[in-house]
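Colleague: Quick one: the structure is below, questions incoming.
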Amino acid sequence: MQIASLLLQVLATALPLAREEPDEYKEFWETLPKVLETFMFQPPVGGSGHARELVALVRAEVLRGSPRVPAPHVRAVLALVRAGSTHAHATTNNEQELREREEFARTCFETLLQFSMLEDIDSLAELESDTDPLAIVALLDRFQEVITRYTATDDSTEPLPRHQLSEISFVLKAIATLTESMKKAPPGKVDPLAWQKLIGKLY
């Protein structure tokens, strides 16, 4: 875990510098997503408290930092945060590991929501020609998949695995959070298809 602590220290210093001179730090920005992916998802750090700290640092220095990070780099980081928010739970009954994974997924999900609902994402949308640049629709599809799988196995006489109960619990809470955020979002921030999926498929 010492290397994770060192990475956090290095990024805390490097990210503000790289924001100031994105062209000078082009190689840094190109390498960053792979480094983040390794530490967010791969053992032994993936899904742990260090991984949550890494997401918090990314939220502060990449997604909210000023001056704003160029859109292509933001999108690359957002893709990882989005993956973390729907990260499947490992098949394990280790309570500590399950709790850490739940907290990691929740941290990623809340980061994605905060950015998508509260930040100015017009530049991302324009560059992607996309009405849903942060893939809220994709999140809803993932939630529907989890709920469908849960209802399909709920009739079984066998008790549901602990990780599946944990996953459905998180998804239900996440849907409630997402609904509130969508309701509070300024007009035009939410893809109409997201409302259609939320009301027509999940409720």
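Heads up: the sequence shown runs through residues -20 to -1, 1 to 183, numbered per mature numbering (1 follows the signal peptide of the UniProt record, and there is no 0). No residue lacks a Cβ here, since even glycine has one placed at the ideal position from N, Cα and C.
Could you please give the first and the last residue of the uninterrupted alpha helix (DSSP H) stretch that includes Q22?
Modeller: That residue, Q22, is in no alpha helix (DSSP H); it is neither H nor E in DSSP.
Colleague: Is E75 buried or exposed, if buried means 16 or more other CB atoms sit within 10 Å of its CB?
Modeller: Exposed, by the Cβ-count rule.
Colleague: From the DSSP output, in three-state form, read off T(-8) for me.
Modeller: T(-8) falls in the helix class under three-state DSSP.
Colleague: Looking at C-alpha atoms only, which residue of T131, S28, A(-3), P172 is the closest neighbour of L152?
Modeller: The option with the nearest alpha carbon to L152 is T131.
Colleague: If distances are taken between C-alpha atoms only, which option among P2, S149, G64, L(-4) comes closest to L16?
Modeller: The shortest Cα separation from L16 among P2, S149, G64, L(-4) belongs to G64.
Colleague: How is the alpha helix (DSSP H) around I179 delimited, first residue to last?
Modeller: Unbroken run through I179: none, as it is neither H nor E.
Colleague: With distances taken between CB atoms, is the gap from T157 to F89 smaller than 9 Å?
Modeller: Yes, they are a contact pair.
Colleague: Where does the unbroken alpha helix (DSSP H) through E160 begin, and where does it stop?
Modeller: Its alpha helix (DSSP H) spans residues 142 to 164.
Colleague: Is the number of C-beta pairs between the stretch 125 to 145 and the stretch 53 to 60 that are closer than 8 Å three or more?
Modeller: Output reads no: the stretch 53 to 60 does not touch the stretch 125 to 145.
Colleague: Under the three-state reduction of DSSP, which class applies to R55: helix, strand or coil?
Modeller: The answer is helix: DSSP assigns R55 an H, G or I state.
Colleague: With L43 as the anchor, note down where its alpha helix (DSSP H) starts and where it stops.
Modeller: Careful: L43 lies outside any alpha helix (DSSP H) and carries neither H nor E.
Colleague: Buried or exposed for L(-4), going by 16 or more other Cβ atoms inside 10 Å?
Modeller: Result: exposed.
Colleague: Just to confirm, are L34 and L(-14) a CB contact at a threshold of 9 Å?
Modeller: Yes, they are a contact pair.
Colleague: Give the C-beta separation of V25 and A(-17) to the nearest angstrom, bearing in mind that I take them to be a contact with Cβ-Cβ under 8 Å.
Modeller: Rounded, the Cβ-Cβ distance is 5 Å, consistent with contact.
Colleague: Using DSSP with H/G/I as helix, E/B as strand and the rest coil, what is L107?
Modeller: Any reading at L107 must be qualified, since the residue scores a pLDDT of 46, below 50, and its modelled position is unreliable; no value is offered.
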